[in-house]
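Residue numbers (UniProt numbering): 1 to 250. Even glycine gets a Cβ: it sits at the ideal position worked out from N, Cα and C. Right, one structure below, let's go through it.
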């Protein structure tokens, strides 16, 4: 039987989502390997999990969706308690339930929602959950206007780590909104059907360059049109959170 659940995790505690093997041995502790170990212990059987997407080292999640197969009956509440007790408060799973045998957490997703937080003053309490930019006087309005250039379908080959596997780099973004939280922080709300490797961090880094006056508004379109030659900033991972993944029936 196939089961699915939601999970959140502290990205700074792991080397990203994807399990990394080296000669049959785990090379780094990842979210996937930690979940599989906890579920295998709780269910006393080898378990493999599939997530909705692969988050990078340092990237957090609040609404990652995961599925796995298990031959036998299980008590969802008991399994949730067991897994949450085994993951050292770094991962929390919830809403474990049976699902259709053909449900796929990765390929059935229709919308992914990310948030990215920027701090424009030095912070201590929240520095692991946002990009601390010091005391820069960012033009938040310009960043918000420039973000609209990402909406719609575009080829994001120049806003990602190249894949070189022949697969499409077309993505459709339905929302890229900048919310001012207070006078020293702001948050991007970014929704799309799919995202490429480090795409969000590349996009936010470009908007940061516009906001600090390094490049003018219109830079995003210049990059899309391959008319841009300057160096660009990559936003650090800790400001990024996979907030939610939507499905047609979930």
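- DSSP places residue 238 outside any alpha helix (DSSP H), giving it a letter other than H or E.
- Non-local beta-carbon contacts of residue 185 in its own chain, meaning distances under 6 Å to residues more than five positions away in sequence, involve 119 in chain order.
- Inclusion of residue 11 and residue 61 in the CB contact set at 8 Å is warranted, their separation being smaller than that value.
- Each of 145, 157, 201 and 205 was checked against the Cα of residue 178, and the nearest Cα belongs to 145.
- The stretch 31-41 makes no contact with the stretch 105-124: fewer than 3 CB pairs, one atom from each, lie closer than 8 Å.
- Rounded to the nearest whole angstrom, the C-alpha separation of residue 65 and residue 2 is 13 Å.
- Per the coordinates, the alpha-carbon of residue 140 lies some 13 Å from the alpha-carbon of residue 206.
- Rounded to whole angstroms, residue 183 and residue 142 show a C-alpha spacing of 16 Å.
- Here residue 201 is near residue 235, since their CB atoms are less than 8 Å apart.
- Straight through space, the alpha carbons of residue 15 and residue 38 are spaced by roughly 17 Å.
- At the C-beta level, residue 150 and residue 188 stay beyond 8 Å of one another.
- Rounded to the nearest angstrom, the gap between the Cα atoms of residue 148 and residue 165 is 29 Å.
- Counting other Cβ atoms within 10 Å of its Cβ, residue 52 reaches 16 or more and is therefore classed as buried.
- Judged by DSSP in its simplified three-state form, residue 200 adopts helix.
- In this structure, the CA atom of residue 129 is about 9 Å from the CA atom of residue 58.
- Residue 145: member of the alpha helix (DSSP H) spanning 140-147, first to last residue.
- Beta-bridge partners of residue 185 (DSSP): 119 and 182.
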